[in-house]
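Residue numbers (my numbering), protein chains in the order written: chain F, 1 to 114; chain E, 115 to 337.
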C-alpha cells in the first residue's frame, strides 16, 4: 500500500506545475499507470480523494489510463501484449524481449484554471 | 477565468530515481557494491545476512542497512556478528525510499566493500523504489509456496537474482522448486537463481562468490 506515498509525489509535481503557470485551481488530472507499475489504480483513486482536500486540486477529477505490458522480440521483431507477464515471444519463442510499455507511472496532463 | 490543459509527462517516481542514481554513482566510485534484499516478512533475509557475514569475514568488509516498520532488533542481530549496521525505522511505511538511504550517506565508511540493504518485509511496495543498489535480490522461502512469482510479478521482474531460502524444508513441504524457478524465469529470463539454506549453510558460498565477482567487475570498470 504505497499508493499514498505515490500520490504525495504526484501532488508535489502538480503543485509545482500549477505554480509555474500561475494557476488558481487544478480541475482535472490524467495519469498513465502501467500493468507492471506496481500500483493498484483503485487505491490511487482513493488516496487521491483523501489527499486533495484543502489543496489547489480540491475539486479535481482524476482519470487513470491503464497501459498494457507491450514487448518487442529482439529476434524476430514481433510486437505483442503480454499482460500475463510471460516474457516469451508468441512468434518465435525467444525470451530476448524489449519492454515497450507497461512499467510507466506518469502524470500525463492536467487542466488548470488560470 | 481561463481553462487550460497542459501536458506534463512526468514520472511520479522521478525524484526517488534521481536520488537513487546519485547514491549508486557515489558508492560505485568508492568501490562499494550495494545489494538490495526484498521479500515477504519471514523469508529469512536477516538470517541469510548473518550467514553471508560469516562467509565474507575476514577478507571483505560489509555493512548492513536494516529497514523495518518497528524495532531495532534486526540491526542488533547483525551487530552481534561484529558487522556495522544501521536501523531505519519507517514508523508504518511499507518500503524504503532512496532519500532514507541518502540520510545515512555520511556515515558509510569509504573503505567498505559491500553494502547490504534489507528492505521492509513486503513483496509488493519495495519493488517500485530504486535505492541506488547495483544488485537487487528477491528472496522466496519454501514455506511461502511456489506460486508467488506469478502473484507478485513486479518484485521478480525488477530483480537481478532470485534467492530461494529455507531449502532444507523442501523434503517436508509440497513446494515445486522447478515450477517456482520456471515461473520466475518467465517473468524475468535474466534472473540468476540461487537455492540456499541458512540453517544447513548450503548455497551461501555460491551466492557470496557471485557478489564478490560482481564487485570485482565494478572495480575493473572503475579502473
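Just so it is clear, CB atoms sit at the ideal spot from N, CA and C, and this is done for glycine as well.
query                                                                                                                   : result
For residue 76/E, the residue or residues it bridges with in DSSP                                                       : Residue 76/E is absent from the model: chain E starts at 115 and stops at 337.
Residues near residue 114/F by beta carbon distance below 8 Å, same chain, minus five either side                       : 21, 22, 23 and 24
Chain F within 8 Å of residue 276/E, Cβ atoms only                                                                      : no
Start-to-end residues for the beta strand (DSSP E) that takes in residue 115/E                                          : Segment: none, residue 115/E is in no beta strand (DSSP E) and carries neither H nor E.
Whole-Å CB distance - residue 35/F paired with residue 67/F, under 8 Å assumed                                          : 7 Å
Pairwise C-alpha distance: residue 252/E and residue 302/E                                                              : 12 Å
For residue 209/E and residue 50/F, the rounded distance between their alpha carbons                                    : 21 Å
Extent of the continuous alpha helix (DSSP H) run through residue 331/E                                                 : 318–336
Partner residues on chain F for residue 124/E, Cβ-Cβ distance less than 7 Å                                             : 13, 106 and 107
Sheet register partners of residue 34/F (DSSP bridge)                                                                   : 67/F
Expected contact under 8 Å - CB spacing of residue 329/E and residue 227/E to nearest Å                                 : 6 Å
Reference residue 279/E; option with closest CA among 231/E, 154/E, 185/E and 181/E                                     : 154/E
Extent of the continuous beta strand (DSSP E) to which residue 109/F belongs                                            : 105–113
Beta-carbon proximity list for residue 48/F, same chain, < 6 Å, skipping 5 on both sides                                : 7 and 62
Candidates 46/F, 100/F, 53/F and 58/F: closest to residue 70/F by CA position                                           : 100/F
Segment contact, 8 Å Cβ cut-off, at least three pairs: the region 171–179 of chain E with the region 267–279 of chain E : no
For residue 97/F, the residue or residues it bridges with in DSSP                                                       : 73/F
Distance between residue 117/E and residue 327/E (C-alpha atoms, nearest Å)                                             : 58 Å
Below-8 Å beta-carbon distance, residue 111/F vs any chain E residue                                                    : yes
Three-state class that DSSP yields for residue 59/F in the structure shown                                              : coil
Residue-level contact to chain F via CB, residue 115/E, 8 Å cutoff                                                      : yes
CB contact check: residue 120/E to chain F, cutoff 8 Å                                                                  : yes
Within chain E, partners of residue 10/F - CB distance below 7 Å                                                        : 126
Proximity of residue 212/E and residue 243/E at Cβ, strictly below 8 Å                                                  : yes
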